[in-house]
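Novice: Structure in structure tokens, see below.
Number of protein chains: 2
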Amino acid sequence: MATRKQVAELAGVSEAVVSYVLHNKSIVKEETKRKVLEAIEQLGYRPNLMARGLKMRQTRQIAVLVGYMGNPFEAGILLHVEKTVQELGYAVFFHSYNSGTEERLKELLHGRVDGILLLGQSLHEETIAHFAAQGVPIFSLLQPTVGHEQVEWLDVDWHASMWQLASYLKEQGHVRVALMTHRSERSYLSLRAQAFLVAAAGTGLQCEPEWILYGQGQFEPAQAAMLAAIVSLRGEELPYTALVGMNDLMAMGAMSACRHSFVSVPQQLAVVSCEGILLSSEVAPPLTTLLYPREQLGQEGTTYFIRKLMNGAEADRTWPETKLQMDLVVRQSG
Amino acid sequence: MATRKQVAELAGVSEAVVSYVLHNKSIVKEETKRKVLEAIEQLGYRPNLMARGLKMRQTRQIAVLVGYMGNPFEAGILLHVEKTVQELGYAVFFHSYNSGTEERLKELLHGRVDGILLLGQSLHEETIAHFAAQGVPIFSLLQPTVGHEQVEWLDVDWHASMWQLASYLKEQGHVRVALMTHRSERSYLSLRAQAFLVAAAGTGLQCEPEWILYGQGQFEPAQAAMLAAIVSLRGEELPYTALVGMNDLMAMGAMSACRHSFVSVPQQLAVVSCEGILLSSEVAPPLTTLLYPREQLGQEGTTYFIRKLMNGAEADRTWPETKLQMDLVVRQSG
DNA sequence: TTGTAGGCGTTATCAG
DNA sequence: CTGATAACGCCTACAA
């Protein structure tokens, strides 16, 4: 573990000079510089990032808080986030967040990150205030749900998107539609559900409260919920002709349940969704879904946030309130 | 940003006492302790992790190097790794690794992590030596390919697993089988391919070199490779009756290509694979595959590694050379 | 152009 | 039991 001191000794200069060379201060004489660089090379010296962080009060590390990596949607976003973070010379502190471990989170992050990037998570107000007080900015990819007034975010325009989806269903002749979402209002899926409900009302679709199924954002719970809904009919026909999933995994879970209980998709039940994850084109039948611009989300959101971090608090008001757009990919499921 | 100094002032004690309280040294008088705890509470004080790390030469952070998060197989492992790391009181420095950015990696990690966990990546020998010299241990989930003699790892027993797969194909009456793998011998898929080739020879399967397709571990390249193989036949029959994918994504890509070119699976071509990722049961037709124990891998491997980190270098020889087992899940693709 | 010294927030040693 | 004080490795204003 070579330190700066050792480099200085080997090069026969003082420690400060080593720093000057490291930071490309042009004030160092060419020959001294060469000597120092040689010593650095020889010892394989690299600055200790803890020490530097302590001194500079800047870690060049940002926390990325995710919910559930088992969902390809979130994993796909993380992929692009990390890539962008890396390109901008920062590093990722990766943490899966569960509401209720906030105390632990504060400890874990204290002094270790320059900012926090939320991947669809909703923090408690108190926690947000805490980090604000610490001078640790927060940015959110995917719109946060409750609270978060001070938190900037980037997401698609869900109202426009859901309007698009509702219109499509209407065009296909559907009137009664079911909805699969997450029970918790803290989930980012709830926002999508609200937007769909508004769009459904606006386009004249019928979506009764008892047609709302809860798949908790994941495949198996969704499968179970759909199965339960089918079984409870005792052989009668489904009261709706279409199901819209608030994410692809749940839509796929529902289709799986249908297949196992001989409900044909899309004839007896059309299924549509709104992410377009990997393999959504490969399930049976291929899923009709909106395409979420994940790369754009990860790339643009992260870039904006880190640039802001680098500039200090200046250029604060530049956030372009443009939301992202989604395209509908019509396949065979609905 | 309350510091220890401020806490000490508020509580009317010296800084050292604050540390004693923090570390539960029972030598502090009950009343002093109470005063200090109050001050901590009031100021919302938490130790700065950079300062602590610098002093202790221990960061309680480990680097996790991944290849491609777009693959549910790797994302699924990360999920369990992170969970375990968190439970053991450590944190994850997340980094996507590309061969060729080793210099950058060394800088980025210097002094910031206590250890490195490889998720199927292969580092250069020189890099391994570097970290060894720095006293940063490396552990690998999934067996590393070339070199890495000094690196401990955990993986399934690929020879046994591939023997199982080859035997199954043989039982099903197949003789000529194709293989879909990654071109680079640095990829962890190459190890699987080697193992399969050995097993194929052992069980009497025929697997000609020109039947080896390269899907680069991902869906779309695999799809393209399979498509190219089919097209090049100009309408003649495939020279093999089964294809074994070195991961599920490639097997699915191959199936997709078959569907689009009207090659029926499994009648004209049986497809099998060896991971069992999410949705492998939902594609058309559902994929016959070995089930990789990802949770066990992430949980056991990470636990072993972090415990070792905590104990210093002691208990070095306890690594149980037991490899993990896989089960075959027979579905409709082969 | 180069060296000195103070300090970032901790922990640990050693007196009181 | 408690209080100074010396590191940990680095950066930077200021002095030489």
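In order, the protein sequence lines correspond to chains A and B.
All residue numbers for the first sequence refer to numbering that gives the first Met the number 0, where the first residue is 0 and numbers rise by one.
All residue numbers for the second sequence refer to numbering that gives the first Met the number 0, where the first residue is 0 and numbers rise by one.
For every residue, glycine included, the Cβ atom is placed at its ideal position computed from N, Cα and C.
Can you look up B/Thr144 in the DSSP assignment and give me helix, strand or coil?
Specialist: coil
Novice: Does chain A have any CB closer than 8 Å to the CB of B/Lys4?
Specialist: no
Novice: With 9 Å as the C-beta to C-beta threshold (strictly closer), list the residues of the stretch 95–126 of chain A near chain B in chain order.
Specialist: Per Cβ criterion, the list reads Ser95, Thr100, Arg103, Lys105, Glu106, Leu107, Leu108, His109, Gly110, Arg111.
Novice: So, is the C-beta of A/Lys82 closer than 8 Å to a C-beta in chain B?
Specialist: yes
Novice: Return yes when the Cβ of B/Phe92 is within less than 8 Å of the Cβ of B/Ile61, no when it is not.
Specialist: yes
Novice: Give me the chain A residues within the contact set of B/Thr336, using Cβ-Cβ distance strictly less than 8 Å, ordered along the chain.
Specialist: This structure leaves residue 336 of chain B out entirely; chain B is present only between 0 and 333.
Novice: Does the Cβ of A/Gly252 have 16 or more other Cβ atoms within 10 Å, making it buried, or fewer, making it exposed?
Specialist: buried
Novice: Within its chain, find whatever has a CB closer than 6 Å to the CB of B/Leu87; leave out the 5 residues flanking it on each side and keep chain order.
Specialist: Ile305
Novice: Check whether the stretch 261–271 of chain A touches the stretch 240–247 of chain A, counting contact only when three or more Cβ pairs, one atom from each stretch, lie closer than 8 Å.
Specialist: yes
Novice: Residues in the stretch 125–155 of chain B with C-beta within 8 Å of chain A's C-beta atoms, listed in sequence order?
Specialist: Of all residues in the stretch 125–155 of chain B, His129, Ala132, Gln133, Gly134 have a Cβ within less than 8 Å of some Cβ in chain A.
Novice: Tell me which residue opens and which closes the beta strand (DSSP E) that A/Phe93 is part of.
Specialist: 90–95
Novice: Ignore the nearest five residues each way along the sequence and tell me which others in B/His158's own chain have a CB closer than 8 Å to its CB.
Specialist: Ala194, Val197, Ala198
Novice: Can a CB atom of chain A be found closer than 8 Å to the CB of B/Ser255?
Specialist: True, the Cβ-Cβ gap to chain A drops below 8 Å.
Novice: Entirely within the stretch 162–225 of chain A and at least 3 residues each: give me those beta strand (DSSP E) ranges in chain order.
Specialist: 176–180, 211–213
Novice: Pull up the CB-CB distance for B/Gly146 and B/Glu124, whole angstroms please, since I reckon it's below 8 Å.
Specialist: 5 Å
Novice: If I measure Cβ to Cβ from A/Asp326 and keep anything under 8 Å in the same chain, skipping five residues before and after, which residues do I get?
Specialist: Leu289, Leu290
Novice: Which same chain residues end up closer than 7 Å to A/Ile26 when comparing Cβ atoms and leaving out the 5 residues on each side of it in sequence?
Specialist: Tyr19
Novice: Is there contact between the stretch 0–16 of chain B and the stretch 31–41 of chain B, where contact requires at least three CB pairs shorter than 8 Å?
Specialist: yes
Novice: So does the stretch 46–56 of chain A actually touch the stretch 39–58 of chain B, counting three or more Cβ pairs closer than 8 Å?
Specialist: yes
Novice: Does the distance from the C-beta atom of A/Met0 to that of B/Gln133 stay below 8 Å?
Specialist: yes
Novice: What residues in its chain sit with their C-beta under 6 Å from that of A/Thr287, if we drop five residues either side in the sequence?
Specialist: So the list reads Val271, Val329, Arg330, Ser332, Gly333, once near-sequence residues are dropped.
Novice: From the DSSP output, in three-state form, read off B/Asp156 for me.
Specialist: coil
Novice: Which residue comes first and which comes last in the beta strand (DSSP E) that contains A/Val264?
Specialist: Element bounds for A/Val264: n/a, residue is neither H nor E.
Novice: Measure the alpha-carbon distance for A/Tyr96 versus B/Arg182 and round it to whole angstroms.
Specialist: 37 Å
Novice: Using CA coordinates, which residue listed in A/Asp154, A/Pro285, A/Ala128 is at the minimum distance from A/Leu323?
Specialist: A/Asp154
Novice: How many Å lie between B/Leu188 and B/Gly66 at the Cα?
Specialist: 12 Å
Novice: Apart from the five residues on each side of it in sequence, which residues of its chain come closer than 7 Å, Cβ to Cβ, to B/Ser160?
Specialist: Cys273, Leu289, Met325
Novice: Skipping 5 residues on each side, what residues in its chain have a beta carbon closer than 7 Å to that of B/Leu387?
Specialist: With chain B represented from 0 up to 333, any question about residue 387 of chain B goes unanswered, as that position is not in the structure.
Novice: Measuring CA to CA, which of A/Glu170, A/Met55, A/Glu40 is closest to A/Gln5?
Specialist: A/Glu40
Novice: So what does DSSP say about A/Ala10, is it helix, strand or coil?
Specialist: helix
Novice: Strictly by DSSP, which residues pair up with A/Thr288?
Specialist: Its beta-bridge partners are A/Ser272, A/Val328.
Novice: Whose Cβ in chain A lies nearer than 7 Å to the Cβ of B/Gly75?
Specialist: Gly69
Novice: A/Gly367 versus chain B: which residues are under 8 Å apart at the beta carbon?
Specialist: The displayed coordinates of chain A run from 0 to 333. Any statement about residue 367 of chain A would go beyond what the structure contains.
Novice: Tell me the residue span of the beta strand (DSSP E) that contains B/Ala131.
Specialist: Note, B/Ala131: premise wrong, no beta strand (DSSP E); alpha helix (DSSP H) at 124–133.
Novice: When DSSP labels each residue in this structure, what does A/Ser18 get in the three-state scheme?
Specialist: helix
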